[in-house]
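Here's the structure we're looking at; comments come further down.
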Amino acid sequence: MDALGHVRAAVIANRPIETEGGEVVLYSLNIETGEKVEAHRFPGSLKTSFHSKASGKSYDLMAVVTCVKYAALTFPEYVAKTRAEKVNMVSTIDKKELMAYLRGDIEESVQVYEPSSTSSSSTSTAAPKRKSGDERTSDKPQTSSSSAPPTKKAKESESKTSAAIDGGETDTENEVRKRILAKEYTHRDRTSMMTTSKSFESTLSMFDAILKEEKERSNAAGKPSLLLQQSTAVTPLHVAMKRGIPDTPIIVVPAGYSDLITLLNAKDFLEEGHFVSTAQKKAEKVRKPAFEMIKVVERDVTYNFKIVDNVLRLSDREWKSVVGVIVSGHAWQFKDWKYKFPLEVFKEACGIHIYSHGTALNEEIKKWDVKILMTVEEPSWHMLSAASSKSAKVANKVSPESQQGEVPPRQIKAEIVAFLDGKRMTLAFGVLTIFALFADDIRTAAFTKAADSVFYVLLLLVFVAYTVELCCNVYARRGYFGRGFNFNFWMDIISTLSILSDVGWVVDWISPEDSTKGTASSTLQAGKATRTSTKASRMVKLIRLIRLIRVARIFRTKINGKDVKITEPSKVGRILTELTTRRLIVLVLIMIICLPLIDQTLTSVDEYQYDAFYQLHRMAQDYNATGAITMESFRGAFEEYVRLCDGYIISLVIYGINISTTNGWMNDMLFQTTTASGDIDATAAYTLTSNPITGWSAAAYLGMDQNSLRKSDMDTSSSIYACFDGNGAVYDTTCYSGVVYNIQKQNQTDAALSIGKTVVVMIVFGMSIYFFTKDSDHLVIGPIERMMALVNRLAQNPLGNTDIEEDMNQEYETRMLEKTIAKIGRLLQVGFGSAGTEIISKNMSGTGELNVMIPGKKISSIFGFGIIEHFTETCSVLEESVITYINTLADIVHSDANMYYGAANKNIGAAFLIAWKICDGTLPGMRDPRDPATKPIMDAAERTKRRADISVSLAATGTRPRKISPQELVDSALIAVLRMRVEIHLANQPNGRFQTYLTNQKLQDKFDNHFHVAMGFGLHIGWAIEGAIGSRFKIDASYLSPNVNMAARLENATGQFQCDLLISEWFMDELSPVVKSYCRKVDRVTVKGSEIPMDLWTFDIGNFVDIPPPVIDPNGVQLPMDFSRNNFLQTLQEGIPPAFFSAFREGMQQYLDGKWDAAHASLTAAYQVHADGPTDVLLKTLKRETSDPNGGYACPTWWKGYRPLTEK
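In terms of the UniProt record's numbering, the sequence shown opens at residue 1 and continues consecutively.
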């Protein structure tokens, strides 16, 4: 037997096959010990006799073994594994044939043969190379058609040839060879076909010319040609969805009920992944909808598709959204299509034809540019990838290489929005907003001109940050731009651009210094307008307050003394808040616009310094044309002006008078003192060197360095460029008089007031939003958001907490609706149980129609089965009171199961099914009763490694969930059953919960005064199918599995073994060592319907004391059991002598080893120390099954270490 034959034998016998250092090792199993023994070792590069159908090359042994190893994977996953392990890959075509041959599904394969050899030694053993018809009949001319069957003479010739070839082989091989050659037809190969005297050069050149012409015509028309090769490019879904599709992509399905895929079952097939026939849907009385919506998730991004079967009512826009069609195989399907069939149809939409295995393929389909898929057993999402691209014809799977480095645009946008809405970015922009609000006022009020550059740079950086955020929001945030009509977009635009008004460099560049010369009245009005615009610009900055709303939502607030995190609002709450905020912003903007106008009309401005300076200019320029005004008179008017104006003069120039003269006058000026009321004392002498009201003095201000002041700190609005004639008309602008006032203190005061005004507006703005939305949040939005939160919690964790806080002050309709939804959620949990979590989750998380008939799912779980003993007799006596009787026991069973992470599933009269779900799928390394004896057992290290990430998040009696490992869950299941046994025992005591039934005279009479409440339990672990059983009228969420039946059989056997609990061998394998050490093996048996032996275990309780409840930490998390601190398992067994356990274990081992004489002695000694049911059963078994006719104890001849269990 060659290497391929050894591998085939190992696969059929389910023996281990491993690879070590480039070699393939085949093992056999020791039946007694179960250990692996090396049987064969081959190099991995060894060529096998299995050949490729396409190339004819032989596959090496490593490629064959790797194909067997990953046979259960999909082809792309298998390809990834071969690349990772750097081994050759078996093609898709060859993989099916190879696996069928290795598994024994077929006895022979045409791809398994030895290559031909020229050596004579190999000729006798290798399969002969198939000869062409020309080679086999070269001595005779070939006149028949190449496709005609062989003539009788040809068959006789082949038979003779075969006999001559096989002369040295066995008769069996000759017969096989003859049968194969007899079925062969005489064909001519490519070489013999082309062997002719004629030349085909003209034909080939003609075909090349036609092909070139067709290609040019196709490129010019933009239509594909049937002569050209079809596209086989593979396009991932997220790449295909980038194409310009105006609306939801549409896939058209056939309208006939005889087709495989119709509108009735398209959603199940394309979205759910399973095929339900149209006939079955019609039998279920499912009505055909007008259309169906399906969702496809790729890379955490959901894509929506619309499924229709009628294109008559499609608009032009919808026609542009048609991206795929499931082809029925008939041309009349495209009768009403907008596009010409078939060229334009399959150019605009990807065609897919699906036909079932075993049916003939329509020949017309082969002429169309469609993707043909045989069988409907394994639908692929990449059909949708094909349908979403108008130019790509997708193969079976999207290769991993085509997806690398490509990120769907929606995912990028979602990541950008999540980044902008993150806590860090929100806080950062909140800080920038506060800085932008107060920076200019702080610069003016607290810093000199030297610090301006620093503030300008910081403000420009804030502007850049705002701009980047604005661009990111326009790109990524859905509906933010709103085609230019979104309110928030324009508010952000205004707030961003308003920053530039605080940057002096930008203001100077946009509005350079005005060189217009005019009269004092015009400059006065310009000065008023400038101050008004300054105030308005400061108020416009308040629009930036809208950004602080985003910051407020990430902080925690307190409600009734409790910290509550403000989460993302509901749609209703978000819309209501946006509308309220929008109205408040409009109100603030109106205040911003109106307040400066009101300030301008009501504020008293010191106009004396403007009008009086105008008179000084006229006195020096044209009033003194006659020379009547003396210098002394002018000086008097000049000094009066300086004393009465409120400004701080730092420079003053009068037309026609030397500046040194005016400066001398100001330096020599004295001022009068003030009265008690603060006014100038007109009777006082001029003795003061500074103005007592303003504090101005020539020494302090005159000649001040103007370069140290900002332009905004110097008021030059009173300067005059005008020459007046006798009639008061301006005839020239060369006559100049100017005065410069230092208004720095005024600006600092205005900036300080602006800061205060901004703070006040912030407070008013925030309080307005709070009070405007408080009532709506309290009465409407809050209940809606809590209801949505409850629905989302049920969708994410169907068995989660549904409690809501009671508030007697909120008995409104919304509060009643909130309570009702909570009750409905609780009813769903109670009604469906843990097996119905998928039903609850799927129907609570979606917006589609109700769908309770979801497909089943394989899970791994612990199953506990308990039955009330003597239930039939008890029911006949209690009659209607039996419900209370059952519910009392159910309360104990369900409460204890819930306390230790379990969930009640079935209540069938007297029976209770409890489940502890471990994980979806099969738990790695978990043994199964149906495993063959030759299946290797996973070592502990590998099992621990593969289970490292497997856990279930549960809260039990705590308020917060914790991840529970599979082993802790198994320990918890046993502790839960032990607690049930203890509570049932204590309830049977005087004044216990069963006192009513223990004192019931009818029950005591029925059971001869020996009535007590008792239950038996069976514990097992294994896989099961979780799902809904029933129809759309009534369903039952449960588990289907032989492992559930195994738990029931174990419980049923408790009566035979006279104990309350029996545990399977497979459950014991998963227990922790400390818990397993307290359990006792009571027998090794085979159950009815199975030939696989299993160990039976139990847990003995001799001291029925309360098991302490689980410990809950301060955070509300239930802590794992710590037997080192509180070993209540040892306390439960304190009433049983240790000598009993040692004697029983010794007798049990002797019993299994076939030493029944010694086993009887040990078990008898154990029974004398402590009489219990399992010991009594074993003693009776020894007595009943002994093969010693002399009254001794000897194992029978059929004994192999176990016995059949007589009861089911």
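From the three backbone atoms N, C-alpha and C, an ideal C-beta is built for every residue, glycine too.
On a CA-only basis, which of the options is nearest residue i? Give me that one, please.
i	options	result
Pro1120	Leu1061, Thr957 and Pro1196	Thr957
Pro1204	Pro1093, Pro1108, Asn1115 and Phe771	Pro1093
residue 1209	Lys371, Thr689, Gly656 and Asn663	An answer regarding residue 1209 cannot be provided, because it is not within the stretch 1 to 1208 covered by the chain.
Phe865	Ser881, Asp949 and Ala976	Ala976
Phe435	Gly422, Ala450, Ser776 and Phe455	Phe455
Ser1124	Trp1097, Pro1073, His1170 and Trp1156	Pro1073
Trp1097	Asp1060, Ile693 and Tyr614	Asp1060
Pro289	Ser697, Asn310, Val1117 and Lys1006	Asn310
Tyr113	Arg793, Gln621, Gly21 and Ser52	Ser52
Gly504	Val791, Arg710, Gln111 and Lys963	Arg710
Gln1056	Thr1181, Ala685 and Arg83	Thr1181
Gln1058	Phe1099, Ser1162, Asp1036 and Pro1174	Pro1174
Ala1091	Ile1021, Pro1137, Asn1103 and Arg930	Sequence check: residue 1091 is Glu here, not Ala. Of the candidates Ile1021, Pro1137, Asn1103 and Arg930, the one whose C-alpha sits nearest the C-alpha of Glu1091 is Arg930.
Thr41	Lys917, Ser1142, Ser49 and Val65	One detail in the question is off: residue 41 reads as Arg in this sequence, not Thr. Closest by alpha carbon: Val65.
Asn1043	Ala1037, Lys1034 and Ala1024	Ala1024
residue 1220	Ser498, Asn663 and Ser277	Residue numbering for the chain in the displayed model covers 1 to 1208; residue 1220 lies beyond these limits and cannot be assessed.
Glu942	Ala955, Met926, Pro932 and Leu437	Met926
Arg643	Val7, Ile914, Ile693 and Asp1005	Ile693
Glu1070	Arg981, Ala1047, Ala940 and Asp891	Ala940
Arg1145	Tyr59, Ala1165, Cys472 and Gln111	Ala1165
Leu1152	Ala1158, Tyr1202 and Tyr1167	Tyr1202
Val506	Val7, Asn488 and Val457	Val457
Pro1110	Asn1127, Tyr900 and Phe419	Tyr900
Leu1050	Glu1065, Ala1037 and Asp1036	Glu1065
By Cβ distance, which residues of its chain are closer than 6 Å to residue i, with the 5 residues on each side in sequence left out?
i	result
Lys1002	Val877
Glu1026	Ala835, Lys857, Ile859 and Tyr1039
residue 1217	The shown model of the chain, from 1 to 1208, leaves out residue 1217, and the question about it has no answer.
Phe305	Pro249, Ile251 and Ile294
Ala9	none
Leu1019	Gly864, Ile1063 and Phe1067
Asn362	Gly329
Excluding the five sequence neighbours on either side, which residues of its own chain have a C-beta within less than 7 Å of the C-beta of residue i, listed in chain order?
i	result
Trp665	Arg635, Phe638 and Glu639
Pro400	Confidence at Pro400 is low in this model, with a pLDDT of 32, below 50, so the placement of that residue is unreliable and no value is reported for it.
Ser145	Any reading at Ser145 needs caution, since the residue's pLDDT is 37, under 50, leaving its predicted position unreliable; the model's value is listed next. Nothing listed; no residue qualifies.
Asn663	Leu702
Using 8 Å for Cβ pairs, my map puts residue i next to residue j. What's the rounded Cβ distance?
i	j	result
Val253	Ile352	The pair is not a contact, with the Cβ atoms about 10 Å apart (cut-off 8 Å).
Val893	Cys919	Wrong, their Cβ atoms sit about 24 Å apart, outside the cutoff.
Lys49	Asp2	Note on residue identity: the sequence assigns Ser, not Lys, to residue 49. Yes, Ser49 and Asp2 are in contact; Cβ-Cβ is about 6 Å, under 8 Å.
Tyr480	Lys413	At roughly 11 Å, the Cβ-Cβ gap does not stay under 8 Å, so Tyr480 and Lys413 are not in contact.
Gly909	Phe871	7 Å
His1170	Pro1138	The Cβ separation is near 10 Å, so there is no contact.
Leu978	Ile1107	7 Å
Met1015	Ile867	7 Å
Got a sec? Which residues, its chain only, sit under 8 Å from residue i by beta carbon, not counting five neighbours each side?
i	result
Arg190	For Arg190, the pLDDT reaches just 49, beneath the cut-off of 50, and the residue's location in the model is therefore unreliable, although a value from the coordinates is still provided. Nothing listed; no residue qualifies.
Thr467	Thr496
Asn898	Ala904, Ala956 and Thr957
Would you say the segment 1123-1132 touches the segment 1062-1080, given that touching needs at least three Cβ pairs under 8 Å? Segments in contact, yes.
If you scan the segment 443-495 from start to end, which runs of the alpha helix (DSSP H) of 4 or more residues do you find wholly inside it? Whole alpha helix (DSSP H) segments, 4+ residues: 452-476.
Within the segment 939-966, note down every full alpha helix (DSSP H) run reaching 4 residues or more, in order along the chain. Counting whole runs of 4 or more residues, the segment 939-966 contains the alpha helix (DSSP H) stretches 940-946.
Is the segment 732-743 touching the segment 704-720 in the sense that three or more CB pairs, one from each, lie closer than 8 Å? The segment 704-720 makes contact with the segment 732-743: 3 or more CB pairs, one atom from each, lie closer than 8 Å.
How do the segment 875-889 and the segment 965-973 stand: do at least 3 beta-carbon pairs fall below 8 Å, yes or no? These segments do not touch.
Starting from the N-terminal side, write out each stretch of the beta strand (DSSP E) that is 3 residues or longer and does not extend beyond the UniProt domain "Guanylate cyclase" (1013-1051). With a minimum length of 3 residues, the continuous beta strand (DSSP E) runs that stay inside the UniProt domain "Guanylate cyclase" (1013-1051) are 1015-1030 and 1035-1040.
Touching by the beta-carbon criterion (3+ pairs, under 8 Å), the segment 769-779 and the segment 677-688: No: fewer than three Cβ pairs fall under 8 Å.
Start-end ranges of the alpha helix (DSSP H) lying completely within the segment 298-375, minimum 4 residues: Taking only runs of at least 4 residues, the alpha helix (DSSP H) segments lying wholly in the segment 298-375 are 316-320 and 343-348.
Validate contact between the segment 746-763 and the segment 436-449 using beta carbons, cut 8 Å, 3 pairs: A contact is defined here as three or more CB-CB pairs under 8 Å, and the segment 746-763 meets this definition with respect to the segment 436-449.
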